[in-house]
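Input: a single structure, listed below in structure tokens.
Residue numbers (our numbering): 1469 to 1827.
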């Protein structure tokens, strides 16, 4: 199995504090994550001054704030992005960030020069924004919270067109469908896009996780699959790996009691470390699509399996019957699967009770 790529989602859990942002990178490294991810946006480009906050944002933040005011306080400056990316490289972890507007996307691609992009769930119907991601030519992670299967297919069609036609504008919606259905488009979606199953509830109730959606998307789409986990705890991420997820994304925080919209639905550093350790154990346990005895089982097989044996004394030439044949450990004699082949044959030597039958 390919190693699962684990993204420690710092998001906005830095609370706009540079020192906290650096500490989050350190904790992601300590936990063994492959990448640490932040969020890049300008509040004025994604929310009006009248935009309301979601319930989870009200519950975990100053209720009197508007969404715009909350977002403004959580912005990271472009200059800090450069410093954080350089620091992440120095300590040996990939730096990722999610753009929430075109200006931020252009900054990440052309100035910060990130290696891959993440499209957040809330933008999955923003097809011009998705097209802009695709036409960068970078690998794309597509999060699918709140989305239907048809909306995911629509987003993938847009990605296929953008990956095939860098710099070109679509003449009509039909261009997307043609790109999606083409062999070249499907190959690019397979090679360059990972779809993350996601439930956009913070935290997500276990009964709303629906990991079986991974099976459905595997049947429907050619892209690699992953899971963006907003549940409390680590177990659903481990189950997603067993389901074939190749990317796991999980929010984490330095302190769940800090003010801010995402802290309550995030893991502590220690929990993140436990989750990553669990993921590595699960992926190692999955093995290959074969069924044969392991090296350790070869020894156990000799001890645990049985051989044909004699219940009573039998003289050479005497008939072997149901009354005198049995099975006993170890399996160094004739296999019991040959029982009926030996019924009615004659003993080739004298046997005592408990002797194994040998060729």
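Heads up, the beta-carbon is just placed ideally off N, CA and C, and yes, glycines get one too.
Look at the Cβ atom of residue i, then the Cβ atom of residue j, and state whether they are nearer than 7 Å.
i	j	result
residue 1631	residue 1600	no
residue 1685	residue 1693	yes
residue 1506	residue 1565	yes
residue 1691	residue 1697	no
residue 1618	residue 1644	no
residue 1779	residue 1818	no
residue 1750	residue 1815	no
residue 1598	residue 1567	no
residue 1734	residue 1666	no
residue 1702	residue 1743	yes
residue 1813	residue 1788	yes
residue 1798	residue 1770	yes
residue 1572	residue 1613	no
residue 1495	residue 1737	yes
residue 1700	residue 1671	yes
residue 1781	residue 1756	no
residue 1503	residue 1492	no
residue 1677	residue 1472	no
residue 1508	residue 1570	no
residue 1556	residue 1592	no
residue 1480	residue 1559	no
What are the partner residues of residue i, as DSSP defines its beta bridges?
i	result
residue 1505	1477 and 1564
residue 1777	1794 and 1824
residue 1692	1662
residue 1697	1718
residue 1483	Answer by DSSP bridge pairing: none, since residue 1483 is not bridged.
residue 1819	1782
residue 1814	1787
Kindly give me the distance between the Cβ atoms of residue i and residue j, rounded to whole angstroms, as I take these residues to be in contact under 8 Å.
i	j	result
residue 1561	residue 1715	Not quite, the Cβ-Cβ distance comes to about 15 Å (not below 8 Å), so this is no contact.
residue 1825	residue 1776	4 Å
residue 1712	residue 1682	6 Å
residue 1674	residue 1620	Rounded, the Cβ-Cβ distance is 23 Å, inconsistent with contact.
residue 1543	residue 1484	7 Å
residue 1627	residue 1657	7 Å
residue 1790	residue 1806	The pair is not a contact, with the Cβ atoms about 15 Å apart (cut-off 8 Å).
residue 1804	residue 1759	Not really, about 20 Å apart at Cβ, beyond 8 Å.
Report task. Spell out a yes or no on whether the segment 1712-1730 and the segment 1758-1774 are touching, meaning 3 or more CB-CB pairs, one atom from each, closer than 8 Å. Result -> no
Query raised in the report: Is there contact here, the segment 1574-1584 with the segment 1545-1560, by at least three beta-carbon pairs under 8 Å?
Result: With the cut-off at 8 Å, the segment 1574-1584 and the segment 1545-1560 touch.
Requested in this report: For the segment 1578-1649, list the beta strand (DSSP E) runs that are entirely contained and at least 3 residues long, ordered along the chain.
Outcome: 1584-1587 and 1607-1611
Requested in this report: Would you list, in sequence order, the uninterrupted beta strand (DSSP E) runs of no fewer than 3 residues that lie entirely inside the segment 1720-1793?
Outcome: 1775-1778
Query raised in the report: Counting Cβ pairs, one atom from each stretch, are 3 or more of them under 8 Å apart for the segment 1637-1652 and the segment 1603-1617?
Result: no
Requested in this report: State whether the segment 1535-1547 contacts the segment 1497-1513, with contact taken as three or more CB pairs (one from each stretch) at a distance under 8 Å.
Outcome: yes
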